[in-house]
Amino acid sequence: MAGRILVIEDDPASLELLKYLLERAGYSVRSAPDGATGLRAALEYSFDLILCDLQMPELTGFEVIARLRSSPDWRPVPMIAVTAYSMPGDRESVMAAGFTEYMTKPIDPDNFLADIDRWLAQAPGSGTT
Amino acid sequence: MTPTGKYEALAQSESPDAVVVLTASGEILHWDAGAEALFGFAPADAIGRSLFDLIVPDSLRHEEAGRLAVAGTEGTVTFESLRQRKDGSRLYVCITSKTIPNPDGGDPLILSTKKDVTQLRVLRDAQRIESKFRDLLESVPDAVVIVNPAGHIVYFNEHSQRLFGYTPEELKGEPIEVLLPERFRAAHLAHRVGYFSQPRPRSMGIGLELYGLRKDGSEFPVDIGLSPLQVEDTTLAMSAIRDISVRKQIELELRDKNVALEKANFAKTQFLASMSHELRTPLNSIIGFTGTLLMRMPGPLNEGQEKQLRTVQTSARHLLSLINDLLDLAKIEADRLELELEAVDSSAVLHEVSETLMTQAEQKKLQFTMALPQDSVFLKADRRALSQILINLTDNAIKFTDYGSVRLTLARRADSFPKQVEIRIEDTGPGMRNEDVARAFDPFTRFGVGDRVMKAGTGLGLHLSQKLATRMEGRILCESRLGHGTTFTLVMLEA
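And the structure:
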C-alpha cells in the first residue's frame, strides 16, 4: 500500500488537516508537533516522505533538515518544506537547504494528494506500491 | 670709540629694515639682522643663495629681475612689492636697490634695503575700500572680511564684528588666519596663496566642514563665498561668511529623525510580515477543511450546506488575497519588493493567466477570449509582478461580469517611443460611474452600480497593481461607462 509519512507542523489545526488528508488517502502518518520531536522521529523510524513546516519556534524547518543531513543515522528520503508565505528568493533558499520541494500554505486539498503521489513516486526505492 | 661708531653698531643691529648685498644676478653676499627679523632666515641660511629662491614669490620673479637690471643701468631704483617669509606668509615691502662698487674689484654689486610697509598698505587699502564700498559692505546680510594679497585683513564689516567678537581696529592688518581654529591655519595659508594666483568667485570648501574662531576661543561652523575685488592696482579677496550653526543643528536632528523613521518603517514591515504569517496559518485549516468538506471526504452534503460552505470558501480566499496584497503593499512602501526587470514573453504569461482563470469564466458562462499578435512580444517586466497584475485585472473582470464576455488583447502601440505595448482587459460588465473610474486605483474602493453596491470590493488589488506597474515603468488606465462594460489597459515598455 501507500507509504509512511512524517508530518512536522507546530500549528495543531494545520497538522490535523494534513493528517486527515493523508490518512484518507491511505497513507500511514506520524505527526510531530515541533521540530525537536520531528527530528527524533525522523532518525528513529523509517519514512517514505517527510513534510516539514519551516516557521516553527525553537527548531525551525531549516534547522531540522540541517541536523538530519549531518547525522550519521540519517537515511535520506524526500523532504517537502511547507511554508506560509512565498517571497521571491524563498524557493532558492529552501532548495539550497536540501529540501526536495516547496509547498505554500494554505494548501489546496484538490492538488495536495496528487503532489504527494508525485513526490513519493520520485523517491528512490519507493513509490512501488 | 667715536660717538659715531657707537651708534653705528646699534643702528646696524637694531635697524627695523633689511639690508642685503647681492651680486647683479641675485646671489646673496650679505644678510643683516634686520633681514633676518623681517624674513625669518638667519644669515647662514641666506648667504650664498639666490634672493629669488629665498623671498621672491614665483609670480614676481620676472619683476624683481627687471628692477635689478634697472638698478644696474640707472644706479638706483625704488619700488613696492610683495615678498614671502620663511614660513610662507607674505608681506609688502618697499625696496630700494642701488649699484655699489665691488670692494674686491670685479663686477659692481647691489645694495638693497627693504622696509616692511604691510601696515601702510593695509591702511591705504582700507581707506580705498571704505571710501568706495563701505555702504555696500555694511548693507549685505553676511559677515564680510576683505584680505589683501599678503593675507592681511583690510576690512571687517559690522556683521563680522558680531560674528567673531573683534572690533575692526583689533583685526586690521592681522593675518586672516586669526579667524580660523589653529588646526586649519597651515592648510589655509597654502590655499590662500593659491587663490591669489587665480582669483575668481567661488564658494570655499564645498562638502568640507569649515569653522570660524571667535575672539573668546569658541568655534562655529561656516559657509564661505570668495570673490576677487579689484581696487586700483591691487586684487583683494572678499569673503562673505555665514554662521551655519543652526542649519548644522537642524541637519543633525533631521539625520537622527531619518534614522528613527527608517527603524520604524523597518519595524512596520517586519510586523506586517509576521502578522501576515500569523493570519495565514489559521486560514490554512479554514480553507483546507472547507475544501475537504466540499470534496465530500467526510460524507455527503445537502444543498444548503454546500452553498454555505462555498460562501466560506470564497470569503476565506478573499481574505487570503487581501493579506497577500497587504504584505506586497507593505513591501512596496518600504521599498523592499525587489523586482527584476527583464525581457518577459508576454504571450507565455497571458496563456498562464487564461489557464488559471478559464474555469472561473466558464463557471459563470462567460465567453473568454484572447487575441495576441503572431510573433512573440517581449516586455520589460518582472515576470511575477506582470502575472500578478494580469491575474488581478482579469479576475476582477470575471468577478464583476455576469453576462457576456471577457476579452484579453495584446497590441503594440503605433508610433510610440520608447516602444509601448498595450494589454487590454475588456469586459461587458455593469461598468462604472465616472466618479468611480477616478478613484478606481485607491485602496479599498467599493463601486456603486446603479442602486446596488458591488458585492466584493476590489480591496487592494487595483491599488497594488498600479504600484507594481509603476515600478516596472508602466501604468494602468481605466475606461468605463455605466452599462457599457469596463476596459483596463496595462501599458508596458517593449523589451
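Going down the list, the sequences are from chains A and B. Start counting the first sequence at 2; every next residue gets the next number (the numbering used here). Start counting the second sequence at -8; every next residue gets the next number (the numbering used here). Beta carbons are placed, not taken as given, at the ideal position from N, Cα and C, and that holds for glycine.
query: Own chain residues within Cβ distance below 6 angstroms of Ile323 (chain B), not counting five before or after; result: Lys458
query: Sequence ranges, beta strand (DSSP E) only - wholly within the segment 363 to 416 of chain B, length at least 3; result: 369 to 372 and 396 to 403
query: Alpha-carbon spacing of Phe435 (chain B) relative to Leu451 (chain B), whole angstroms; result: 6 angstroms
query: Chain B within 8 angstroms of Pro58 (chain A), Cβ atoms only; result: no
query: Distance between beta carbons of Ala15 (chain B) and Ala26 (chain B), contact taken as under 8 angstroms; result: At roughly 19 angstroms, the Cβ-Cβ gap does not stay under 8 angstroms, so Ala26 (chain B) and Ala15 (chain B) are not in contact.
query: Residues, ordered as in the chain, of the segment 107 to 119 of chain A that lie near chain B by beta-carbon distance below 9 angstroms; result: Pro107, Ile108, Asp109, Pro110, Asp111 and Phe113
query: Closer than 8 angstroms to chain A by CB, Asn293 (chain B); result: no
query: Within the segment 104 to 173 of chain B, ranges of the alpha helix (DSSP H) (whole runs, at least 4 residues); result: 109 to 130, 149 to 155 and 159 to 162
query: Near-chain A residues of the segment 268 to 281 of chain B - C-beta to any C-beta below 7 angstroms; result: His268, Arg271, Thr272, Pro273, Leu274, Asn275, Ser276, Ile278, Gly279 and Phe280
query: Closer than 7 angstroms at the beta carbon, the chain A residues around Gly283 (chain B); result: Sequence inspection shows Thr at residue 283 (chain B); the Gly mentioned does not correspond to that position. Within chain A, the residues near Thr283 (chain B) are Tyr21, Leu22 and Pro110.
query: Met288 (chain B) at chain A interface by Cβ criterion, 8 angstroms; result: yes
query: Bounding residues of the beta strand (DSSP E) (the contiguous stretch that carries Trp22 (chain B)); result: Ile19 to Trp22
query: Buried versus exposed call for Leu1 (chain B) [16 or more other C-beta atoms within 10 Å across all chains shown]; result: exposed
query: Leu55 (chain A) in three-state terms, based on DSSP; result: coil
query: Proximal residues, the segment 301 to 316 of chain B versus chain A, C-beta separation under 7 angstroms; result: Leu311
query: Under the three-state DSSP convention, the category Val78 (chain A) falls into; result: coil
query: As assigned by DSSP and simplified to three states, the class of Arg472 (chain B); result: coil
query: C-beta atoms of Leu320 (chain B) and Ala376 (chain B) nearer than 8 angstroms; result: no
query: Beta carbon proximity, Leu18 (chain A) to chain B, threshold 8 angstroms; result: yes
query: Segments of 3+ residues assigned as beta strand (DSSP E) that fall wholly inside the segment 301 to 363 of chain B; result: 333 to 336 and 358 to 362
query: Neighbouring residues, chain B, relative to Asp12 (chain A) (Cβ below 9 angstroms); result: Thr272, Pro273, Asn275 and Ser276
query: Three-pair Cβ contact test at 8 angstroms for the segment 272 to 286 of chain B versus the segment 208 to 226 of chain B; result: no
query: Residue from B:Leu357, B:Gln240, B:Ala35 and B:Gly216 with nearest C-alpha to Met229 (chain B); result: B:Gly216
query: Residues near Phe147 (chain B) in its chain [Cβ-Cβ closer than 6 angstroms; skip 5 each side]; result: Val136, Pro159 and Leu162
query: 8 angstroms Cβ cutoff, Ala43 (chain A) in contact with chain B; result: no
query: At least 3 beta-carbon pairs within less than 8 angstroms: the segment 229 to 248 of chain B vs the segment 177 to 188 of chain B; result: no
query: Stretch-stretch touch, CB-based, cutoff 8 angstroms, three pairs: the segment 44 to 59 of chain A with the segment 2 to 16 of chain A; result: yes
query: Rounded separation between Leu60 (chain A) and Leu384 (chain B) - CA only; result: 41 angstroms
query: According to DSSP, residues forming a beta bridge with Ile467 (chain B); result: B:Leu481
query: Ser32 (chain A) at chain B interface by Cβ criterion, 8 angstroms; result: no
query: Element boundaries [alpha helix (DSSP H), containing Lys458 (chain B)]; result: Gly452 to Arg462
query: CB contact check: Ala85 (chain A) to chain B, cutoff 8 angstroms; result: yes
query: Euclidean distance between Cα positions of Leu20 (chain B) and Gly156 (chain B); result: 47 angstroms
query: Under the three-state DSSP convention, the category Asp214 (chain B) falls into; result: strand
query: Touching by the beta-carbon criterion (3+ pairs, under 8 angstroms), the segment 236 to 255 of chain B and the segment 285 to 294 of chain B; result: no
query: Chain B contact for Ser15 (chain A) (CB, 8 angstroms cutoff); result: yes
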